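Going by the working numbering, the first residue of the sequence shown is number 51, and it counts up by one from there.
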Amino acid sequence: MVRLLYQFPMWWQKMYRTATWRIQPERKAVYLTFDDGPIPEVTPRVLDILRKYHVKATFFMVADNVRKHPEVYRQVVAEGHSVGNHTFHHVKGMRLSTAAYLREVDKAAALLGNTRLFRPPYGRTWVWQRKALLQRGYKIYLWDVLTHDYHRKYTPERMLSIIKTLTRNGSIINFHDSLKSNERMLQVLPQAIEWLQSEGYDILPIKQS
Numbered sequence: 051m052v053r054l055l056y057q058f059p060m061w062w063q064k065m066y067r068t069a070t071w072r073i074q075p076e077r078k079a080v081y082l083t084f085d086d087g088p089i090p091e092v093t094p095r096v097l098d099i100l101r102k103y104h105v106k107a108t109f110f111m112v113a114d115n116v117r118k119h120p121e122v123y124r125q126v127v128a129e130g131h132s133v134g135n136h137t138f139h140h141v142k143g144m145r146l147s148t149a150a151y152l153r154e155v156d157k158a159a160a161l162l163g164n165t166r167l168f169r170p171p172y173g174r175t176w177v178w179q180r181k182a183l184l185q186r187g188y189k190i191y192l193w194d195v196l197t198h199d200y201h202r203k204y205t206p207e208r209m210l211s212i213i214k215t216l217t218r219n220g221s222i223i224n225f226h227d228s229l230k231s232n233e234r235m236l237q238v239l240p241q242a243i244e245w246l247q248s249e250g251y252d253i254l255p256i257k258q259s
């Protein structure tokens with residue numbers, strides 16, 4: 051049951067076989083990712099934690115937040131973290147045509163620069179939208195471990211248990227630097243990093259291809 055809730059089964063991953071769910075499973079490394087920022091009340095606090103533990107991560111940014119808070123975006127980049135496209139308005143791809151979805155991605159790219167990393171909001175897109183993104187040179191990254199930090203019923207203890215149970219070589223771990231996730235995520239993040247490092251995992255950013 052735990053795996054079905056927090057780690058997508060193989061039959062689901064095969065539906066999204068053009069997306070990356072894990073990276074180099076032969077290497078003892080994991081990849082922390084943060085969706086939905088940058089948010090001035092949250093993202094700088096995430097950066098403080100990452101800096102304390104000498105960790106680099108990947109931020110899939112909603113470009114409208116970049117527009118509103120460019121100074122936070124610049125801080126993320128200046129501190130050496132990777133940045134990915136998470137559309138301009140955090141749209142649901144399955145409610146949009148491919149043309150409308152690509153306009154969202156293009157509008158975001160105008161603020162995010164030349165990043166080729168892409169994560170669809172909610173993790174869902176139509177197959178023809180993914181095909182169009184790949185044709186434009188994007189690489190689509192989903193996740194291997196979903197922390198559910200955006201759910202109020204999930205305590206930091208439960209989130210840490212998910213991470214400890216499901217993390218494996220190459221795992222992409224999904225957090226959110228959003229107001230909705232703020233309290234729970236900031237509590238569990240230092241504990242998660244300390245556990246990952248104690249287990250011998252390298253914590254790496256996702257690199258541009």
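Backbone N, C-alpha and C fix where the C-beta goes; we use that ideal spot for every residue, glycine too. Quick caveat: nothing in here was measured; it's all calculated off a predicted structure.
Contact belief for residue i with residue j at Cβ below 8 Å, rounded distance in angstroms
| i | j | result |
| --- | --- | --- |
| M111 | G87 | 6 Å |
| Y191 | I243 | Not confirmed; about 20 Å, so no contact. |
| F168 | Y200 | In fact, because the Cβ distance is near 20 Å, the residues do not count as touching under 8 Å. |
| T148 | W178 | 5 Å |
Residue i and residue j closer than 8 Å at C-beta
| i | j | result |
| --- | --- | --- |
| I89 | S228 | yes |
| L47 | A113 | Here the chain has residues from 51 to 259 only, and residue 47 is not among them. |
| L97 | V141 | no |
| D194 | S221 | yes |
| P75 | N219 | yes |
| Y204 | R234 | yes |
Rounded straight-line distance, which links the Cα of residue j to that of residue i
| i | j | result |
| --- | --- | --- |
| L268 | P206 | Past the boundaries of the shown model lies residue 268; the chain is included only from 51 to 259, so the question cannot be answered. |
| V52 | M65 | Caution is warranted here: a pLDDT of 41 is assigned to V52, below 50, making its placement in the model unreliable, and the coordinate value is therefore given only provisionally. Distance between the alpha carbons of V52 and M65: 20 Å. |
| K78 | V133 | 22 Å |
| V155 | K118 | 17 Å |
| L54 | T197 | At L54 the pLDDT is 42, less than 50, meaning the model places this residue with poor confidence and gives no usable figure here. |
| M209 | D252 | 20 Å |
| F138 | L184 | 18 Å |
| T93 | A182 | 31 Å |
| L246 | F84 | 17 Å |
| Q241 | R67 | 32 Å |
| N115 | P170 | 16 Å |
| I268 | Y123 | Within the shown structure, residues of the chain are numbered from 51 to 259, placing residue 268 beyond reach of any answer. |
| R166 | R202 | 32 Å |
| R186 | T70 | 16 Å |
| R153 | A159 | 10 Å |
| N224 | E249 | 19 Å |
| K157 | A128 | 22 Å |
| Q260 | S211 | The structure shown does not extend to residue 260, since the chain is modelled only from 51 to 259, so the question has no answer here. |
Residue i (DSSP reduced to helix, strand or coil)
| i | result |
| --- | --- |
| G87 | coil |
| G134 | strand |
| L146 | coil |
| A79 | strand |
| R67 | coil |
| I253 | strand |
Any non-hydrogen atom of the ligand MN within 7 Å of residue i CB
| i | result |
| --- | --- |
| V155 | You won't find the ligand MN in this model; it holds no ligand whatsoever. |
Along the chain, which unbroken stretches of the beta strand (DSSP E) at least 3 residues long are found entirely within the region 150-229?
222-226
Only counting runs of 3 or more residues, tell me where the beta strand (DSSP E) segments fall wholly within the region 94-118, in order along the chain.
108-111
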